[in-house]
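Quick notes on the structure that follows.
In full-length UniProt numbering, the protein residues as written are 1 to 176.
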């Protein structure tokens, strides 16, 4: 029987030399693989007190939208700087291979809203940390973080857990 990890391909040297890119588009393209990933990501949160699902740019939108639909909740995107049309707040962060800024609409989350954060990959944890900080600035309460892939050698999970986050991942890959 196939696992979620079996549907993910590895592309060497993308986007930079030495990076082993874990490509989830092959997972999304397969109906069984995609259903399996969505079901396994939402399973620990089914019946939980969640008000909204937040997806991190960009593959987190695909997963987060599907999970929000299954849970019967709203979906909010956290995007790269300059991509949202309304008034936003922003948070700078570092990636495993660069720096960036994330934004969320300043009215996207009500104070006290219970939020599930979703993305495809957890590497250094910089993107997720930035998203969590944005949500907390708006008064949101992050009740969990769900990822398809963890790259444990890069320390993202440990970073998020040190922040008090409940982290759920479907599979791990050694190395970058």
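The beta-carbon is built from N, C-alpha and C at its ideal position, and this holds for glycine as well.
Quick caveat: nothing in here was measured; it's all calculated off a predicted structure.
Exercise for the section: Give me the Cα-Cα distance between residue 47 and residue 109, rounded to the nearest whole angstrom. Expected result: Numbered from 1 along the chain shown, position 47 holds the residue referred to as residue 47. Numbered from 1 along the chain shown, position 109 holds the residue referred to as residue 109. C-alpha separation (whole angstroms): 20 Å.
Practice task
Starting from residue 170, trace the beta strand (DSSP E) both ways and give me its first and last residue.
Solution key: Translated into the one-based positions of the chain shown, residue 170 becomes position 170. Residue 170 -> beta strand (DSSP E) spans 167-172.
Exercise for the section: Look at the alpha carbon of residue 42 and the alpha carbon of residue 146, and state the distance between them as a whole number of angstroms. Expected result: By one-based count along the chain shown, residue 42 stands at place 42. By one-based count along the chain shown, residue 146 stands at place 146. When rounded, the distance between both Cα atoms is 8 Å.
Exercise for the section: Would you grab the beta carbon distance between residue 76 and residue 114 for me? Rounded to a whole angstrom, and I think it's under 8 Å. Expected result: On the chain shown, position 76 is the one that residue 76 refers to. On the chain shown, position 114 is the one that residue 114 refers to. At roughly 13 Å, the Cβ-Cβ gap does not stay under 8 Å, so residue 76 and residue 114 are not in contact.
Practice task
Evaluate residue 63 with the Cβ neighbour count: other Cβ atoms within 10 Å of its Cβ, from every protein chain shown; 16 or more gives buried, anything less gives exposed.
Solution key: Counting from 1 along the chain shown, the entry for residue 63 is found at position 63. Around the beta-carbon of residue 63, 16 or more other beta-carbon atoms lie within 10 Å, marking it buried.
Problem - Close-in-space but distant-in-sequence residues of the same chain around residue 40 (CB under 8 Å, 5 per side omitted) - result: Numbered from its first residue, the chain shown carries residue 40 at position 40. Spatial neighbours of residue 40 in its own chain (CB-CB distance under 8 Å, excluding positions within 5 residues in sequence) are listed in chain order as 4, 170.
Problem - Inter-residue Cα distance where the pair is residue 95 and residue 166 - result: For the purposes of this step, residue 95 is identified with residue 95 of the chain shown, where counting begins at 1. For the purposes of this step, residue 166 is identified with residue 166 of the chain shown, where counting begins at 1. Roughly 21 Å separates the two Cα atoms.
Handout entry: Bounding residues of the alpha helix (DSSP H) (the contiguous stretch that carries residue 75)
Key = Sequence index remark: in the chain shown, residue 75 carries index 75 (1-based). That residue, residue 75, is in no alpha helix (DSSP H); its beta strand (DSSP E) goes 74-80.
Exercise for the section: Taking 9 Å as the cut-off, decide whether the C-beta atoms of residue 79 and residue 99 are in contact. Expected result: Numbered from 1 along the chain shown, position 79 holds the residue referred to as residue 79. Numbered from 1 along the chain shown, position 99 holds the residue referred to as residue 99. No. Outside cutoff.
Handout entry: Exposed unless 16 or more other CB atoms sit within 10 angstroms - verdict on residue 18
Key = The residue given as residue 18 occupies position 18 in the chain shown. Exposed, because fewer than 16 other Cβ atoms sit within 10 Å of the Cβ of residue 18.
Exercise for the section: Identify whether residue 12 lies in helix, strand or coil by the three-state DSSP scheme. Expected result: Your numbering for residue 12 matches position 12 in the chain shown. If DSSP states are grouped into helix, strand and coil, residue 12 belongs with the strands.
Practice task
Classify residue 128 as buried or exposed, calling it buried when 16 or more other Cβ atoms lie within 10 Å of its own Cβ.
Solution key: In the chain shown, counting from the first residue as 1, residue 128 sits at position 128. With 16 or more Cβ atoms within 10 Å of its Cβ, residue 128 is classed as buried.
Exercise for the section: Grab me the residues of residue 156's own chain with a C-beta within less than 6 Å of its C-beta, minus the 5 sequence neighbours each way, in chain order. Expected result: If you number the chain shown from 1, residue 156 lands on position 156. 122, 123, 124, 125.
Exercise for the section: Mind reading off the beta-carbon distance from residue 26 to residue 50? Whole number of angstroms is fine, and I expect it under 8 Å. Expected result: Taking the first residue of the chain shown as 1, we reach residue 26 at position 26. Taking the first residue of the chain shown as 1, we reach residue 50 at position 50. About 28 Å; that fails the 8 Å criterion.
Problem - Boundaries of the alpha helix (DSSP H) in which residue 36 is found, first to last residue - result: For this step, residue 36 is matched to residue 36 along the chain shown. 31-42 is the span of the alpha helix (DSSP H), which, as asked, contains residue 36.
Practice task
Return the first residue and the last residue of the beta strand (DSSP E) that residue 100 is part of.
Solution key: Taking the chain shown and counting its residues from 1, the one referred to as residue 100 is at position 100. Residues 98-105.
Practice task
Per DSSP, which residues does residue 114 bridge with? Please list them.
Solution key: Stepping through the chain shown from its first residue, residue 114 is reached at position 114. DSSP output for residue 114 lists 141 as bridge partner(s).
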